[in-house]
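Just so we're aligned, residue 2 is where the sequence shown starts under the numbering used here, counting upward by one.
Glycine residues also receive a C-beta, built at the ideal position from the N, C-alpha and C atoms.
All of these numbers come straight from a predicted model, not from anything done at the bench.
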Amino acid sequence: MNLSELADIPDISIELDKDLTNRSTMRVKAIGDLIIIRSEEALKETIKRLHERSYAYRVLGLGSNQILHPRPDYVYLKLELPFDKKLLDSPRDNYLLPASLPLNILTSHAIRFGLKGWESFTGIPATLGGAVFMNAGTSLGEIGALVKCVHIATTSGGQREERISSNSFAYRKNNFLRDGEVIFKVEIRHFGVSKEISEKIKNYLVFRNHSQPLDAKTFGCMFKNPESGPAGKFIDLVGLKGFTLKDLRISPKHGNFLENMGEADYFDVLKVLEMVKMELELQYGIKFNREVEL
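Set out below in structure tokens:
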């Protein structure tokens, strides 16, 4: 299939052999094809046609928690869906919001109106859809606890709504999205209003700034935390903090972060991830699972 066959779909832009290096927070060199999608109908028609022609695709949000392949054999879908800013002019019980909305906009809303529960995604560099996809969270909680309903574009060109239950999410994953489906809208709630939330969020942002390399080029955490404790602590205990390979360094500030100090190579990232995983499992005898998506 030639991607130019999709050019008749309204509200999309197709960019071939695009430099995607700055589309990820790790800034690993990547060249690939990109489809920017600006409406829900365009999204449904795009994935329908791609699916019919067995053309692989992935959603690209803010590029955190992802390592972009230098020459992928799939196309990236970038959602830029319309958003009515008036929805955030005042607090409400429930919010129906586009998946492409960055979480920092919601954090600012939570600070302004003191929305309880929204502190759980403080400082996460992700879109709403990306955060829901992986049930993103912090030590303050997980976003899945706030989600009421997820609107999903299906591979047949239609849509469905997933009403969230206690079984819909697990640690850093969702249990409802099927292969090829894409989240395009999310209904979220809060747990009331409290004057303490604003200060709680601001304090947590200070804590993250002191404990994580927020000014470095990283993709976020390398590994999910095992039940026995934080992955970063285990990496620190085996003495891997500060380990370097070419332009890559395991952060001296937080052991679960890998920093790109120059022009890091995708395959060197894979080498470091595999090396750290093998060392951890050898030392502790427990399984460590990657949090970052390849």
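Are the beta-carbon atoms of residue i and residue j separated by less than 8 Å?
i      : j      : result
ILE48  : VAL183 : yes
GLN160 : LYS272 : no
LYS186 : ALA111 : no
LEU295 : ASP269 : no
VAL293 : PHE220 : yes
LYS87  : HIS191 : no
PHE235 : TYR285 : yes
LEU241 : GLU197 : no
LYS254 : PRO214 : yes
GLY145 : PHE170 : yes
GLY115 : VAL194 : yes
ILE202 : THR108 : yes
ILE15  : LEU4   : yes
ALA127 : LEU63  : yes
LEU274 : TYR205 : no
PRO73  : GLY130 : no
LYS79  : LEU98  : no
ILE251 : LEU238 : no
So the beta strand (DSSP E) residue i belongs to, where does it begin and stop?
i      : result
LEU80  : 76 to 80
ILE10  : Looking at the DSSP string, ILE10 is not in any beta strand (DSSP E), and its letter there is neither H nor E.
VAL60  : 58 to 60
GLU163 : 160 to 164
ARG250 : 249 to 251
ILE32  : 32 to 38
Could you spell out where the alpha helix (DSSP H) holding residue i opens and where it closes?
i      : result
ILE198 : 197 to 212
VAL270 : 267 to 285
HIS52  : 41 to 53
ALA132 : 129 to 134
Quick one: what does DSSP say residue i is sitting in, helix, strand or coil?
i      : result
GLU182 : coil
ASN95  : strand
HIS70  : coil
LEU21  : coil
LYS117 : coil
ASN261 : strand
ASN105 : helix
GLU144 : It should be noted that the sequence gives Ile, not Glu, for residue 144. Helix, per DSSP.
PHE235 : helix
LYS149 : strand
LYS218 : strand
PHE224 : strand
ALA111 : helix
LYS86  : helix
PHE170 : strand
LEU4   : helix
Smallest Cα separation from residue i: which of the options?
i      : options                       : result
LYS278 : ASN204, ASN261, GLY256        : GLY256
ASN1   : SER91, SER121, ASP94          : With the chain represented from 2 up to 295, any question about residue 1 goes unanswered, as that position is not in the structure.
TYR77  : LYS242, LEU147, LEU21, GLY145 : LEU21
ASP165 : LEU69, THR155, ARG93, ASN136  : The amino acid at residue 165 is misidentified as Asp; the sequence shows Ile. Cα-wise, what sits closest to ILE165 is ASN136.
ILE10  : ASP94, ARG50, LEU63, ARG93    : ARG50
ARG39  : LEU63, ARG28, GLU81           : GLU81
GLY263 : LYS247, PRO231, GLY124        : LYS247
GLU53  : GLU6, ARG24, LEU97            : GLU6
PRO71  : LEU97, ASP266, ILE36          : ASP266
PRO231 : TYR56, LYS30, PHE289          : PHE289
THR123 : MET276, GLU143, GLY131        : GLU143
ALA217 : ARG28, GLU228, LEU17, ASP18   : ARG28
PRO92  : ILE189, SER229, ASN168        : ILE189
LEU35  : SER55, TYR75, GLN67, GLU42    : TYR75
ILE125 : GLY33, GLU162, THR156, THR26  : THR26
GLN67  : ASN95, ASN23, ASP90           : ASN23
Just to check, is the beta-carbon of residue i closer than 7 Å to a non-hydrogen atom of the ligand MG?
i      : result
GLU294 : With respect to the ligand MG, the structure offers nothing, as it holds no ligand at all.
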